[in-house]
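Residues 4 to 55, numbered by our numbering, are exactly what the sequence shown covers, in order.
Every residue gets a Cβ at the ideal spot worked out from N, C-alpha and C, and that includes glycine.
The structure displayed is predicted, hence computed values, not measured ones.
Following: one structure in C-alpha coordinates, then a few remarks.
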Amino acid sequence: VIERGVDDWRVIHIVKTDMVIHTAKTEMMRLVVETEFVGKIADAFDKVTGDI
(Lines of atoms letter the chains of each structure in order from A and count residues from 1; the text may use other names and numbers.)
(Lines give C-alpha, C1' and ligand atoms only; values in the text may rest on other atoms or scores of the structure.)
Protein backbone atom coordinates (compact mmCIF):
# COMPACT_ATOMS: atom_id res chain seq x y z
CA VAL A 1 0.00 0.00 0.00
CA ILE A 2 1.38 3.38 -1.03
CA GLU A 3 0.30 6.36 1.01
CA ARG A 4 0.45 9.82 -0.45
CA GLY A 5 0.54 13.01 1.52
CA VAL A 6 -0.87 16.38 0.57
CA ASP A 7 2.55 17.58 -0.59
CA ASP A 8 2.88 14.63 -2.99
CA TRP A 9 -0.31 15.65 -4.79
CA ARG A 10 0.84 19.27 -4.87
CA VAL A 11 4.11 18.23 -6.56
CA ILE A 12 2.23 16.11 -9.10
CA HIS A 13 -0.09 19.05 -9.84
CA ILE A 14 2.87 21.42 -10.33
CA VAL A 15 4.60 18.97 -12.69
CA LYS A 16 1.42 18.54 -14.74
CA THR A 17 0.91 22.31 -14.86
CA ASP A 18 4.50 22.83 -16.03
CA MET A 19 4.00 20.21 -18.75
CA VAL A 20 0.84 21.95 -19.95
CA ILE A 21 2.62 25.32 -20.02
CA HIS A 22 5.59 23.81 -21.88
CA THR A 23 3.25 22.17 -24.41
CA ALA A 24 1.37 25.43 -24.95
CA LYS A 25 4.63 27.35 -25.47
CA THR A 26 5.87 24.68 -27.88
CA GLU A 27 2.63 24.84 -29.88
CA MET A 28 2.78 28.66 -29.99
CA MET A 29 6.38 28.57 -31.22
CA ARG A 30 5.44 25.98 -33.84
CA LEU A 31 2.63 28.25 -35.04
CA VAL A 32 4.98 31.25 -35.23
CA VAL A 33 7.57 29.27 -37.20
CA GLU A 34 4.93 27.88 -39.57
CA THR A 35 3.46 31.37 -40.09
CA GLU A 36 6.89 32.86 -40.83
CA PHE A 37 7.74 29.97 -43.18
CA VAL A 38 4.46 30.27 -45.10
CA GLY A 39 4.95 34.04 -45.25
CA LYS A 40 8.40 33.59 -46.80
CA ILE A 41 7.00 31.16 -49.38
CA ALA A 42 4.24 33.66 -50.20
CA ASP A 43 6.81 36.48 -50.51
CA ALA A 44 8.96 34.37 -52.85
CA PHE A 45 5.89 33.44 -54.92
CA ASP A 46 4.86 37.10 -55.15
CA LYS A 47 8.34 38.06 -56.40
CA VAL A 48 8.19 35.40 -59.11
CA THR A 49 4.65 36.25 -60.22
CA GLY A 50 5.00 40.02 -59.78
CA ASP A 51 2.04 40.15 -57.38
CA ILE A 52 2.14 42.52 -54.45
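> Can you tell me the Cα-Cα spacing of Ile44 and Lys50, whole angstroms?
Replying inline: Looking up residue 44 in the sequence shown gives position 41. Looking up residue 50 in the sequence shown gives position 47. Their backbone Cα atoms lie some 10 Å apart in a straight line.
>> Using a Cβ-Cβ cutoff of less than 7 Å, which residues in the same chain neighbour His16 once the five nearest sequence positions on both sides are dropped?
In response: Within the sequence shown, the letter at position 13 stands for residue 16. Non-local beta-carbon contacts of His16 in its own chain, meaning distances under 7 Å to residues more than five positions away in sequence, are absent.
>> Can you tell me whether Gly42 is helix, strand or coil according to DSSP?
In response: Along the sequence shown, one-based indexing puts residue 42 at 39. Gly42 falls in the helix class under three-state DSSP.
> Cα separation between Val41 and Val35?
Replying inline: In the sequence shown, residue 41 corresponds to position 38, counting from 1. In the sequence shown, residue 35 corresponds to position 32, counting from 1. Distance between the alpha carbons of Val41 and Val35 is about 10 Å.
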